[in-house]
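Colleague:
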Amino acid sequence: MSNKRPLVETSLTDPIALVSARLGPWLSQRAGGGDIDAVVRPSDHADAQINGALPLAKQLGCNPRDLATEIVDSGQLADLCSETEVAGPGFINVTFSNSVINSLLTEVANDEHLGLRQASNARTVVVDYSAPNVAKEMHVGHLRSTVIGDALVRMYTAAGHRVIRENHIGDWGRPFGMLIEHLLDLGEEVAASGLGQGDLDSFYKAANAKFSESEEFQERSRQRVVLLQGGDEETHVLWNRLVAMSTEYFNTVYEQLGVLLVDDDLMGESKYQPLMPETLARLEASGLMSESEGAKVVFPPGFTNRDGDPLPLIVQARTGGFNYATSDLACVIDRVERLHADLMLYVIGAPQQQHLEMVFAVANMAGWMPDGVSAIHVAFGNVLGDDKKMLRSRSGESVKLVDLLSEAVERAASAVEEKNPSLSDSERADVAQMIGIGAVKYADLSTDRVRDYVFDWDRMLAFDGNTSPYLQYAHARIRSIFRRAADDQVSAGAIAVHEAAERALGLRLLSYPAAVADALESNSPHRLCTYLFELAQLFTAFYEHCPVMKSEGDIRASRLALCDLTARTLSAGLDLLGIDAPEQM
Numbered sequence: 030m031s032n033k034r035p036l037v038e039t040s041l042t043d044p045i046a047l048v049s050a051r052l053g054p055w056l057s058q059r060a061g062g063g064d065i066d067a068v069v070r071p072s073d074h075a076d077a078q079i080n081g082a083l084p085l086a087k088q089l090g091c092n093p094r095d096l097a098t099e100i101v102d103s104g105q106l107a108d109l110c111s112e113t114e115v116a117g118p119g120f121i122n123v124t125f126s127n128s129v130i131n132s133l134l135t136e137v138a139n140d141e142h143l144g145l146r147q148a149s150n151a152r153t154v155v156v157d158y159s160a161p162n163v164a165k166e167m168h169v170g171h172l173r174s175t176v177i178g179d180a181l182v183r184m185y186t187a188a189g190h191r192v193i194r195e196n197h198i199g200d201w202g203r204p205f206g207m208l209i210e211h212l213l214d215l216g217e218e219v220a221a222s223g224l225g226q227g228d229l230d231s232f233y234k235a236a237n238a239k240f241s242e243s244e245e246f247q248e249r250s251r252q253r254v255v256l257l258q259g260g261d262e263e264t265h266v267l268w269n270r271l272v273a274m275s276t277e278y279f280n281t282v283y284e285q286l287g288v289l290l291v292d293d294d295l296m297g298e299s300k301y302q303p304l305m306p307e308t309l310a311r312l313e314a315s316g317l318m319s320e321s322e323g324a325k326v327v328f329p330p331g332f333t334n335r336d337g338d339p340l341p342l343i344v345q346a347r348t349g350g351f352n353y354a355t356s357d358l359a360c361v362i363d364r365v366e367r368l369h370a371d372l373m374l375y376v377i378g379a380p381q382q383q384h385l386e387m388v389f390a391v392a393n394m395a396g397w398m399p400d401g402v403s404a405i406h407v408a409f410g411n412v413l414g415d416d417k418k419m420l421r422s423r424s425g426e427s428v429k430l431v432d433l434l435s436e437a438v439e440r441a442a443s444a445v446e447e448k449n450p451s452l453s454d455s456e457r458a459d460v461a462q463m464i465g466i467g468a469v470k471y472a473d474l475s476t477d478r479v480r481d482y483v484f485d486w487d488r489m490l491a492f493d494g495n496t497s498p499y500l501q502y503a504h505a506r507i508r509s510i511f512r513r514a515a516d517d518q519v520s521a522g523a524i525a526v527h528e529a530a531e532r533a534l535g536l537r538l539l540s541y542p543a544a545v546a547d548a549l550e551s552n553s554p555h556r557l558c559t560y561l562f563e564l565a566q567l568f569t570a571f572y573e574h575c576p577v578m579k580s581e582g583d584i585r586a587s588r589l590a591l592c593d594l595t596a597r598t599l600s601a602g603l604d605l606l607g608i609d610a611p612e613q614m
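In our numbering, the protein residues as written are 30 to 614.
1) Can you tell me whether Asn196 is buried or exposed? The criterion is at least 16 other CB atoms within 10 Å of its CB, across all chains shown.
2) Which of the three DSSP states, helix, strand or coil, is assigned to Gln345?
3) Tell me where the alpha helix (DSSP H) around Ala523 begins and ends.
4) Rounded to whole angstroms, what is the Cα-Cα separation between Tyr560 and Asp363?
5) Beta carbon of Ala148, beta carbon of His190: below 8 Å?
6) Can you tell me the Cβ-Cβ gap for Arg391 and Pro330, rounded? I've got them flagged as a contact below 8 Å.
7) Taking the Cβ atom as the reference point for each residue, do Glu298 and Trp201 lie within a distance shorter than 8 Å?
8) Do you know how far the Cα of Asp371 is from the Cα of Arg152?
9) Could you please give me the residues that DSSP links to Cys110 through a beta bridge?
10) Just confirm the distance between the C-beta atoms of Val48 and Ala77, as a whole number of angstroms; I'd bet it's less than 8 Å.
11) Based on the DSSP output, what are the partners of Gly199 in its beta bridges?
12) Return helix, strand or coil for Ser31, following the three-state DSSP convention.
13) Please check the pair Ala442 and Ala472, which I expect to be a contact at CB under 8 Å, by giving their CB distance rounded to whole angstroms.
14) Output the distance between the C-alpha atoms of Gly119 and Asp583, rounded to the nearest integer angstrom.
15) For Trp486, collect the residues of the same chain with a Cβ closer than 7 Å to its Cβ; drop the 5 residues on either side in sequence, then sort them by chain order.
16) Is it buried or exposed, Tyr158, if we count other Cβ atoms within 10 angstroms and call 16 or more buried?
17) Could you check what DSSP says for Ile608 in three-state terms: helix, strand or coil?
18) Distance check for Pro339 and Ile466, CA to CA, integer angstroms please.
19) Based on Cα-Cα distance, which residue from Gly316, Val344, Lys470 lies nearest to Met394?
20) Between Thr39 and Ala46, what straight-line distance do the alpha-carbon atoms span, to the nearest angstrom?
21) Identify the continuous beta strand (DSSP E) that holds Asp157 and give its terminal residues.
22) Between which two residues does the alpha helix (DSSP H) containing Pro84 stretch?
23) Please report the straight-line C-alpha distance between Asp66 and Asp73, rounded to a whole angstrom.
24) Whose CA, out of Tyr185, His265, Val282, lies closest to the CA of Leu229?
25) Could you check if Gln518 is buried or exposed, using at least 16 other CB atoms within 10 Å of its CB as the buried criterion?
26) Where are the alpha helix (DSSP H) runs, 4 residues long or more, that stay fully inside the stretch 362-449, in chain order?
27) Would you kindly work out how many angstroms separate the C-alpha atoms of Leu605 and Leu304, rounded to a whole number?
28) Could you give the C-beta distance for Lys470 and Ser497, rounded to a whole number, given that I count them as a contact under 8 Å?
29) Under 6 Å Cβ to Cβ from Arg59, same chain only, skipping five residues before and after it: list those, please.
30) Note down the Cα distance separating Arg94 from Asn552, rounded to an integer number of angstroms.
31) For Val483, collect the residues of the same chain with a Cβ closer than 6 Å to its Cβ; drop the 5 residues on either side in sequence, then sort them by chain order.
32) Helix or strand or just coil, what does DSSP make of Leu599?
33) Give the C-beta separation of Thr42 and Ala75 to the nearest angstrom, bearing in mind that I take them to be a contact with Cβ-Cβ under 8 Å.
34) Can you tell me which residues form a DSSP beta bridge with Pro339?
35) Measure from the alpha carbon of Gln14 to the alpha carbon of each residue in Ile79, Leu271, Asn449, Gly62, then state which is nearest.
36) Would you check if there are 3 or more beta carbon pairs closer than 8 Å linking the stretch 345-363 to the stretch 176-189?
What follows is the structure, encoded as structure tokens:
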């Protein structure tokens with residue numbers, strides 16, 4: 030089901046939103062009632078363009094250009110705009126008055142949230158992301174889910190919603206029989222020393238190899254699965270230790286990556302095992318479940334196979350076992366009924382699209398997602414190597430995430446040393462951590478999530494172009510201005526824009542809440558990245574054309590205030606992406 034509540038409250042510190050709010054009641058009265066959108070958008074021909082006269086004129090049966098002229102003549106925009114022009118078939122080009130821009134910039138500068146308003150009707154948002162597997166190392170395939178999910182968590186939280194992080198780790202199933210037996214064979218201390226240091230792949234491969242080679246080990250493993258699923262206390266103690274050792278490793282990766290996930294966010298497959306029989310019973314009671322080739326299935330309408338036959342969602346295998354579909358349906362029930370979620374985001378790779386669509390369809394059919402509750406698959410593409418294939422190590426295996434992040438920091442350290450050799454060792458290490466991790470995150474987040482992207486060290490660590498180092502450097506450069514200003518004993522003051530570069534920067538600063546709203550409405554962090562990149566470019570143009578420290582009096586004070594607001598906006602926007610903004614680089 031859809032939910033029409035806005036994810037971000039309209040900010041009336043944005044002049045475009047201000048014009049829209051001002052015209053709405055007038056247009057409604059002119060139309061004889063109803064909510065009428067003035068359709069105000071940024072424009073290349075002026076500060077903004079009002080397009081609402083065209084659809085309204087069609088509705089009223091009048092000439093759109095005449096209606097646009099009527100809007101201008103109404104005086105609704107007189108105190109907001111210094112110029113208005115009716116153009117084309119009925120567009121209205123508007124130029125905001127400098128006094129309005131100055132007033133709004135001053136208001137935003139005094140607002141710790143930079144004009145971003147808290148949701149008046151907050152939603153409960155469950156974000157399912159990261160999802161590594163116990164006893165397996167996190168690899169580059171986990172990067173996108175973890176980074177995109179973390180950015181969405183931060184943005185929804187900033188917008189005032191109640192956000193619940195759910196890390197749906199793989200901690201159940203047949204492989205755990207062999208993993209527990211291998212744990213016993215090694216001895217807990219030996220296993221702990223390896224797993225705790227992140228050597229999960231070796232542990233899993235050794236267990237798998239032993240399973241392939243030894244019938245005796247196979248039998249022990251099968252018996253251990255029976256004990257695990259039957260609730261055997263000793264087996265569960267061993268299983269819990271295995272999960273705990275893996276979790277310790279996950280936490281080192283999350284700390285290195287700088288994401289918000291903690292132990293309390295873990296919600297593994299094991300948590301849903303007790304709910305599966307009830308899920309099946311509820312499906313059967315609803316009359317939706319049927320039998321197909323010995324398996325229990327549900328046929329959601331609209332899904333067919335290659336031959337055009339109805340495609341079933343299998344909820345119980347012929348052997349009587351449950352599967353991912355059963356677990357995912359139990360997830361929906363738990364998140365809606367226990368957590369009271371009204372928006373569920375599944376940050377999962379694009380190949381799972383059909384599976385999730387079928388799960389959501391069945392949950393809707395069963396009445397588990399009532400009106401006002403929605404589930405969205407936040408799909409994403411792959412990380413590719415230079416050969417345009419899945420990024421892999423030289424040995425042909427998936428690149429370990431810890432190795433990728435360590436290399437990013439090492440490369441960043443070299444770049445920082447070359448750019449600013451005056452930094453101390455500790456300062457260089459801190460900045461390298463911020464730049465290296467930020468570069469990896471931003472390269473991922475700045476790409477439209479549904480697309481694949483090529484992992485390119487040179488591009489992502491460049492100090493020019495749409496990269497994290499470019500944005501971080503812009504922030505650090507502004508902060509260096511204030512260190513000089515402090516030495517000269519001057520400070521920021523009231524904002525008063527005059528020059529074209531000042532106006533352009535000021536208007537972009539005022540659109541920060543709209544940029545966050547745009548990113549959230551489509552769950553697309555790359556839109557916020559684009560905004561921040563454009564903001565940094567506008568600051569560069571402003572800095573080149575409008576001297577700051579060389580100006581004097583009120584002009585210098587105003588420009589310092591613009592610099593400060595720009596730095597705060599860059600820092601806040603980067604923080605929503607999970608990226609640090611260094612004070613110096």
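Where is the CB? At the ideal position from N, CA and C, for every residue including glycine.
Modeller: Here's the rundown:
1) Stepping through the sequence shown from its first residue, residue 196 is reached at position 167. By the 10 Å Cβ count, Asn196 comes out buried.
2) The residue given as residue 345 occupies position 316 in the sequence shown. Per DSSP, reduced to three states, the secondary structure at Gln345 is strand.
3) Position 494 of the sequence shown, counted from the start, is the residue given in the question as residue 523. That residue, Ala523, is in no alpha helix (DSSP H); it is neither H nor E in DSSP.
4) Here residue 560 is taken as the residue at index 531 of the sequence shown, counted from 1. Here residue 363 is taken as the residue at index 334 of the sequence shown, counted from 1. C-alpha separation (whole angstroms): 37 Å.
5) Counted from its first residue, the sequence shown places residue 148 at position 119. Counted from its first residue, the sequence shown places residue 190 at position 161. Going by C-beta atoms, Ala148 is nearer than 8 Å to His190.
6) As a working note, residue 391 is residue 362 in the sequence shown. As a working note, residue 330 is residue 301 in the sequence shown. A small fix is needed here, since residue 391 is Val in this sequence, not Arg. Actually they are not in contact, since the Cβ atoms of Val391 and Pro330 sit about 10 Å apart, beyond 8 Å.
7) Taking the sequence shown and counting its residues from 1, one reaches residue 298 at position 269. Taking the sequence shown and counting its residues from 1, one reaches residue 201 at position 172. Their beta carbons are under 8 Å apart, which means Glu298 touches Trp201 by this criterion.
8) Position 123 of the sequence shown, counting from 1, holds the residue named residue 152. Position 342 of the sequence shown, counting from 1, holds the residue named residue 371. The alpha-carbon atoms of Arg152 and Asp371 are separated by roughly 6 Å.
9) Within the sequence shown, residue 110 is the residue found at index 81, counting from 1. Cys110 pairs with Phe125.
10) Within the sequence shown, numbered from 1, the residue matching residue 48 stands at position 19. Within the sequence shown, numbered from 1, the residue matching residue 77 stands at position 48. Yes, they are in contact, since the Cβ atoms of Val48 and Ala77 sit about 7 Å apart, within 8 Å.
11) By 1-based counting over the sequence shown, the position of residue 199 is 170. Gly199 pairs with Asn162.
12) Taking the sequence shown and counting its residues from 1, one reaches residue 31 at position 2. For Ser31, the predicted structure reports a pLDDT of 41, less than 50, and the residue's modelled location is therefore unreliable. A value from the coordinates is still provided. If DSSP states are grouped into helix, strand and coil, Ser31 belongs with coil.
13) Residue mapping note: residue 442 aligns to position 413 of the sequence shown, counting from 1. Residue mapping note: residue 472 aligns to position 443 of the sequence shown, counting from 1. In fact, because the Cβ distance is near 18 Å, the residues do not count as touching under 8 Å.
14) As a first step, residue 119 must be located in the sequence shown, where it is residue number 90. As a first step, residue 583 must be located in the sequence shown, where it is residue number 554. Between the C-alpha atoms of Gly119 and Asp583 there is a straight-line separation of about 41 Å.
15) Sequence index remark: in the sequence shown, residue 486 carries index 457 (1-based). Excluding positions up to five away in sequence, the list reads Arg440.
16) Mapped onto the sequence shown, residue 158 falls at position 129. Answer is buried; the Cβ neighbour count reaches 16.
17) Locating residue 608 in the sequence shown gives position 579, where the first residue counts as 1. Of the three classes helix, strand and coil, the one that applies to Ile608 here is coil, per DSSP.
18) Here residue 466 corresponds to residue number 437 of the sequence shown, with the count starting at 1. Here residue 339 corresponds to residue number 310 of the sequence shown, with the count starting at 1. For Ile466 and Pro339, the distance between alpha carbons rounds to 46 Å.
19) Reading the sequence shown from its first residue, position 365 is the one you call residue 394. Of the candidates Gly316, Val344, Lys470, the one whose C-alpha sits nearest the C-alpha of Met394 is Gly316.
20) For the purposes of this step, residue 39 is taken as the residue at position 10 of the sequence shown. For the purposes of this step, residue 46 is taken as the residue at position 17 of the sequence shown. The alpha-carbon atoms of Thr39 and Ala46 are separated by roughly 7 Å.
21) The residue you call residue 157 lines up with position 128 of the sequence shown. It spans 153-157 - the beta strand (DSSP E) in which Asp157 sits, taken as one unbroken run.
22) On the sequence shown, residue 84 is found 55 positions in, with the first residue counted as 1. Where Pro84 is concerned, the enclosing alpha helix (DSSP H) stretches over 82-89.
23) Here the question's residue 66 lines up with position 37 in the sequence shown. Here the question's residue 73 lines up with position 44 in the sequence shown. Roughly 21 Å separates the two Cα atoms.
24) Counting from one through the sequence shown, the residue named residue 229 turns up at place 200. Taking only the C-alpha atoms, the option nearest Leu229 is Val282.
25) As a first step, residue 518 must be located in the sequence shown, where it is residue number 489. Per the 10 Å Cβ criterion, exposed.
26) 382-394, 430-448
27) Along the sequence shown, one-based indexing puts residue 605 at 576. Along the sequence shown, one-based indexing puts residue 304 at 275. Distance between the alpha carbons of Leu605 and Leu304: 35 Å.
28) Counting from 1 along the sequence shown, the entry for residue 470 is found at position 441. Counting from 1 along the sequence shown, the entry for residue 497 is found at position 468. About 7 Å; that satisfies the 8 Å criterion.
29) As a first step, residue 59 is located in the sequence shown; it is residue number 30 there, counting from the start. For Arg59, where only same-chain residues beyond five positions count, there are no Cβ hits under 6 Å.
30) Position 65 of the sequence shown, counted from the first residue, corresponds to residue 94. Position 523 of the sequence shown, counted from the first residue, corresponds to residue 552. Taking the straight line joining both Cα atoms gives about 37 Å.
31) The residue labelled residue 483 in the question sits at position 454 within the sequence shown. Cβ neighbours of Val483 beyond the five flanking positions: Leu413.
32) In the sequence shown, the residue the question calls residue 599 occupies position 570. Here Leu599 sits in helix by DSSP.
33) Within the sequence shown, the letter at position 13 stands for residue 42. Within the sequence shown, the letter at position 46 stands for residue 75. Going by Cβ atoms, the distance from Thr42 to Ala75 rounds to 20 Å, so no, they are not a contact pair.
34) Counting from 1 along the sequence shown, the entry for residue 339 is found at position 310. BP columns for Pro339 point to Thr333.
35) The requested residue 14 does not occur in the structure, where the chain is confined to residues 30 to 614.
36) no
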